[in-house]
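Protein chains in written order, with the working numbering: chain A, 15 to 330; chain B, -2 to 281; chain C, 332 to 648.
Heads up: the structure comes next, in structure tokens.
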Amino acid sequence: MIEIENLTVTYKTRSGRIRALEDININIQNNEIFGIVGESGSGKTTLAMAIMGLLPSNGFVENGTIKINGKDILKLGPEMARRIRGRIVSLVFQGAMNTLNPLMKIEDQVAEPILIHRTANREEAIKKARKTLELVGLDSYTWKKYPHELSGGMRQRAVIATAMIMDPSTIIADEPSTALDVITQAQIMNILKDLQRAAGITVIFISHDLPLVSEMADRIMILYGGRPAEIGLNKQIMENSGHPYTKGLINSVPSIERRLKPIAIPGEPVNIKDPPPGCRFKPRCPIAIESCVSYDYVPKEPEKDHLVFCKMYGAE
Amino acid sequence: MTDEFSPWREFLSNKKAVVGLVIVLFFAFMAILAPIVSPYNPNTTNPSLFLSPPSRAHLLGTDELGRDLLSRDIYGAQVSLIVGIAAGAVAVVIGLIAGLISGYMGGAVDEIIMRIVDFFLVIPALVFMIIIAALLGPSLVNVIMVIGLLSWAPTARIIRSMVLSLKEWPFVESAKANNAGTFYIMFTHIFPNVTSVLYGNAMLAISGAIFTQAALVFLGVGNVNSISWGGIIREAYTSGALTAGDFAYVVPPGVFIFALIFGFIMMGFAIEEIMNPRLRSIRE
Amino acid sequence: MDEAIRVKDLKKYFRPRGRVLSSGTLIKAVDGVNISVPVGEIHSIVGETGSGKSTIGRMIAGLIEPTSGEVYVHGIDMFNSSKDQIRELRRSVQIIFQDPYSSLNPRFNVKKIIEEPLKLNHIKFSSERVLEILRKVGLTPPEDFLNRYPHELSGGQRQRVSIARSFVTDPTVVVADEPVSMLDASMRISFLDLIAEIQKEREISMVLISHDISIAYYLSSRINVLYLGKIVEEADGDEVVNNPLHPYTKALIQAVPKLGKVERKEVQIKGSIMTSSSEMVGCKFKDRCIYAMEKCKTQEPELIEARPNHFVACHLY
């Protein structure tokens, strides 16, 4: 169970301080697939990094708490933080399949976290690695191969296996399939779903691709410009969305299913170096009014578990 | 909206860069203001002061011909800087052109140039320089040419590898699709994008040239007739002062050589640091 | 001739680098492709990475020479004509590139970027022409953008500059290589609409290259599905999407994310994409095909008209 309260993450840059995330509140339940949808500037990767304690040197948590199973990991010392990383929460980051060590065989790489955390000896580690590789659909043919001998999809599975090897209770997958073709993408999604069911883990799935997330997630959070736009159950978001951005996203997807003609959202994703005051979506919003510049991000709750961060919601 | 990247601002806020710059400026002023700051004429001989130890009149003492060592050390900065910068420039320019042509044209041209580069990387450059400098005779221009012509290989390599990746970028393809010719692309598109690497490289080439010049003169070839730090050390050796333990003679020029090299290297490192992260923008 | 683009039995084979395959084996990136695009239409080539689609695009634009086969643009052979004809052709055929970050020279400002194709093709122009095209792509007021450099622009703005550059010489043929895949989802439709608008206005014939069949469906009238260098299916957009015939096309359409939760995705395909080498015999899709038969192992299927104006290369038909 991951509880995030009032999380604000800031980066120090040449051009000043940039708030990548502001006042984020979410509770992620055990054994659910939680989807985070956001485009560039949304802060979605920052969120993943903050949970993992992997913010770059110029990034820091300005405010808030991240509690994993009740313990605020932001208050832990580096040793405890290291244990969390990899053992309780593990990360499959964007483009991970290209960062496999080209000089290590697959089974060795998957076994590596065990050896780093020193929870077993080498023989047992390799055994476990092989089992985990089978779990992600890589059979013995691949175990002794090097990354360049495998396809992109296989490499991504190997990365997922590496993330799974320490039996984490949660996996964060940040754009796990962006560079892969659509068919391999579907296969990877199936693997993640199987893992979640079989191993009872929580999956936090981060992507800019709303349809993809909607196929996966039990609950979805839509992020825009470092602040939440909408949080709710999959069905609520997809069939009864409240926020104009969510609606805009859904309507702007070119689809092969015969539906209404897609409508573009005008403008561009927010530049978080210079965010607009109040509601971050206001410049692009079809229903915004002047007073949206003073919106304080207090959500409306049209149904249970469904939060809409829009001043104008229900005011039509 | 705009991400203000000012190379000068970056440079001046980098510690290495500032340290390096201060050192180099120090020696630059030493060189330019030599006639003003040096206490004596460095060429005035005074045989009665043969190898005199440091005194109030001569802070570092005198050499075997009675010339003031401090003055000679001050004037030595001129040659080191002139040769260093000029030879460094020659090496970098040749390396740039070779790397550009080799990297962009590929094929047989690339092969030929790369084998020449390999040759220059493998040969004992100093030995060659000694031979050629000895053949050409002592003169400032000769030394500059010799060092420059034998040090361009590393630059060529670096430029070539940058060019290899740059030429695949879509903006080059776009120009080609619009009938752009080879030389147009090389000089309008590729060249401006390798300059970032060039500056750092130039600093390192200059520091190499400074050292090489000192080494050459010490070994008796090159511009032995002008005042240079390498020359002073040589004279310390040939006059017996070195073996006699006259530190005031031999140590200052040595320290100056290494300090100046250090200054350029620091700037070189700083420039490379600045240029690299800039290529990766902050994207979430 | 009403045909703007005609690709005839186009092939591109590469010698592999490295010792993965034995020498003598070739990589068949494009293996006999035929495309015909009438004036003013948009046709698309849909395929994964490694399918050869980008290579075809570059051959149409005259950037890569084919191993065999021909490319005709407005009836003129792209590779076997006089130098002058080819120069003229190059001016009429432009590319829209995928990556807004690497398709613009970081040392050129917007003015220089847009003017370059005009200057290279010796086209006399007034400053108004540059301003106009910037306005057309939505960069207003255009004067504000002339002196800016790519790093001062957002990804979307850069892609607009890129599109402006592609259209400023008034091309008659445009190859759009994944024009929106690196843009945020919320912007894609507006870019596709922009491209469609300019295309319609100027009656430009276009080849759209995409790995995303939904984008191909949105923008183009006719879709060519490419697998390992061969067209396996070709039909109008509606036909391909509603009546996919080739097993690969079917798997592709099933795999495309749709809105709404699914328990598990049916992926009716085995394994992963490989490279097409000259060692391959029979149908290139056989190792991944769930319907593979004996015949598929030895005989490469030809494109046949299985339904009206709907072509497929598969032994099932």
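Where is the CB? At the ideal position from N, CA and C, for every residue including glycine.
Cut-off 7 Å between Cβ atoms - residues of its own chain near residue i, not counting five sequence neighbours on either side
{"i": "B/D0", "result": "With a pLDDT of only 43 at B/D0, under the threshold of 50, the placement of this residue in the model should not be trusted; the figure read from the coordinates follows. Around B/D0: no qualifying Cβ."}
{"i": "A/G214", "result": "N45"}
{"i": "B/F259", "result": "I20"}
{"i": "B/R277", "result": "Caution applies to B/R277, whose pLDDT of 40 falls short of 50 and renders its modelled position unreliable; the value that the coordinates give is listed next. There are no such residues."}
Contact set between residue i and chain C, taken where Cβ atoms lie within less than 8 Å
{"i": "A/D195", "result": "E379, T380, H542, I604"}
{"i": "B/P189", "result": "N436, R438"}
{"i": "B/A174", "result": "A392, G393, L394, R421, V424, Q425, I426"}
{"i": "A/K207", "result": "E594, R595"}
{"i": "A/H257", "result": "By Cβ distance, chain C contributes nothing, its closest Cβ being about 13 Å from A/H257, past 8 Å."}
Contacts of residue i in chain B (Cβ-Cβ under 7 Å)
{"i": "C/S515", "result": "Position check: residue 515 of chain C holds Asp in this sequence, whereas Ser was assumed. Those do not exist, as C/D515 stays about 11 Å from chain B at its closest Cβ, beyond 7 Å."}
{"i": "C/P473", "result": "Per Cβ cutoff of 7 Å: no residues; C/P473 is ~16 Å from chain B at best."}
{"i": "C/P448", "result": "N175"}
{"i": "C/R418", "result": "N176"}
Boundaries (first-last residue) of the alpha helix (DSSP H) holding residue i
{"i": "A/Q43", "result": "It is not in any alpha helix (DSSP H) - A/Q43 carries neither H nor E in the DSSP assignment."}
{"i": "C/G363", "result": "Note, C/G363: premise wrong, no alpha helix (DSSP H); beta strand (DSSP E) at 358 to 369."}
{"i": "A/I65", "result": "58 to 66"}
{"i": "A/E244", "result": "Segment 241 to 247 is the beta strand (DSSP E) holding A/E244; no alpha helix (DSSP H) there."}
{"i": "B/S193", "result": "188 to 215"}
{"i": "B/F116", "result": "104 to 119"}
{"i": "C/I391", "result": "384 to 391"}
{"i": "B/F168", "result": "167 to 174"}
{"i": "C/A527", "result": "516 to 533"}
{"i": "B/G17", "result": "12 to 29"}
{"i": "A/R136", "result": "136 to 149"}
Residue-level contact to chain D via CB, residue i, 8 Å cutoff
{"i": "B/P32", "result": "In summary, chain D is missing from the structure at hand, where the protein chains are A, B and C."}
Amino acids of chain B, ordered along the chain, whose beta-carbon sits closer than 9 Å to that of residue i
{"i": "C/L435", "result": "P167, F168, S171"}
Proximal chain C residues relative to residue i, where beta-carbon distance stays under 9 Å
{"i": "A/N204", "result": "R595, K596, V598"}
{"i": "A/R262", "result": "Note on residue identity: the sequence assigns Gly, not Arg, to residue 262 of chain A. In chain order: S517."}
Closer than 7 Å at the beta carbon, the chain A residues around residue i
{"i": "C/G487", "result": "E282"}
Host beta strand (DSSP E) of residue i (start-end)
{"i": "A/L129", "result": "Per DSSP, A/L129 belongs to no beta strand (DSSP E); it is in the alpha helix (DSSP H), 120 to 131."}
{"i": "C/R337", "result": "334 to 345"}
{"i": "C/S541", "result": "536 to 541"}
{"i": "A/P316", "result": "314 to 317"}
Contact list for residue i against chain A, beta-carbon separation under 8 Å
{"i": "C/S423", "result": "Simply none; closest approach about 29 Å."}
{"i": "C/Y549", "result": "P268, P276"}
{"i": "C/D524", "result": "A278"}
{"i": "C/A586", "result": "V196, I197, Q199, A200"}
Under 7 Å by beta carbon: chain C residues contacting residue i
{"i": "B/A177", "result": "L451"}
{"i": "B/H186", "result": "N436"}
{"i": "A/I279", "result": "S517"}
{"i": "A/H320", "result": "Simply none; closest approach about 16 Å."}
{"i": "A/Q108", "result": "Within 7 Å Cβ-Cβ: nothing; A/Q108 doesn't reach chain C, min ~14 Å."}
{"i": "A/P225", "result": "P588, K589, L590"}
{"i": "A/E271", "result": "K589"}
Residues bridged to residue i [DSSP beta-bridge criterion]
{"i": "C/Q425", "result": "C/V505"}
{"i": "A/S104", "result": "A/I185"}
{"i": "C/K414", "result": "Answer is none; C/K414 lacks a bridge partner."}
{"i": "C/S566", "result": "Residue 566 of chain C is actually Ala in this sequence, not Ser. C/I554, per the DSSP bridge assignment."}
Cutoff 8 Å; reference residue i; Cβ partners in own chain excluding five residues on either side
{"i": "C/T471", "result": "L465"}
Chain-ordered neighbours of residue i on chain A, where CB pairs are closer than 9 Å
{"i": "C/V364", "result": "Residues of chain A passing the Cβ test: none, with the nearest at roughly 19 Å."}
Contact set for residue i: own chain, Cβ-Cβ below 6 Å, skip 5 residues either direction
{"i": "A/T60", "result": "V23, A34, L35"}
{"i": "B/L163", "result": "I187, N190"}
{"i": "B/S236", "result": "E61"}
{"i": "C/T380", "result": "none"}
{"i": "C/V643", "result": "E564, L576, H577, A637"}
Within chain B, partners of residue i - CB distance below 8 Å
{"i": "C/P533", "result": "According to the sequence as given, residue 533 of chain C is Arg; it is not Pro. By Cβ distance, chain B contributes nothing, its closest Cβ being about 18 Å from C/R533, past 8 Å."}
{"i": "C/D430", "result": "P167"}
{"i": "C/R496", "result": "S171"}
* Is there contact between the segment 111 to 118 of chain B and the segment 182 to 192 of chain B, where contact requires at least three CB pairs shorter than 8 Å? -> As far as the Cβ criterion goes, the segment 111 to 118 of chain B does not touch the segment 182 to 192 of chain B, which means the pair count is below three.
* **Sufficient close CB pairs (3 or more, under 8 Å) joining the segment 123 to 134 of chain A to the segment 167 to 185 of chain A** => Output reads yes: the segment 167 to 185 of chain A touches the segment 123 to 134 of chain A.
* To do: Evaluate the contact criterion for the segment 397 to 413 of chain C versus the segment 584 to 599 of chain C: three or more CB pairs, one atom per stretch, below 8 Å.
  => With the cut-off at 8 Å, the segment 397 to 413 of chain C and the segment 584 to 599 of chain C do not touch.
* Asked: Counting pairs of Cβ atoms below 8 Å between the segment 531 to 550 of chain C and the segment 373 to 391 of chain C, do you hit three or more?
  -> Contact holds: three or more Cβ-Cβ distances are below 8 Å.
* Asked: How do the segment 260 to 267 of chain B and the segment 61 to 76 of chain B stand: do at least 3 beta-carbon pairs fall below 8 Å, yes or no?
  -> They do not touch, by the three-pair rule.
* State whether the segment 82 to 99 of chain B contacts the segment 153 to 170 of chain B, with contact taken as three or more CB pairs (one from each stretch) at a distance under 8 Å. => Yes, the segment 82 to 99 of chain B touches the segment 153 to 170 of chain B.
* Please confirm if the segment 79 to 87 of chain A is in contact with the segment 268 to 286 of chain A, defined as three or more CB-CB distances below 8 Å between the two stretches. => In the pairwise beta carbon analysis, the segment 79 to 87 of chain A is classified as not touching the segment 268 to 286 of chain A: fewer than three pairs are separated by under 8 Å.
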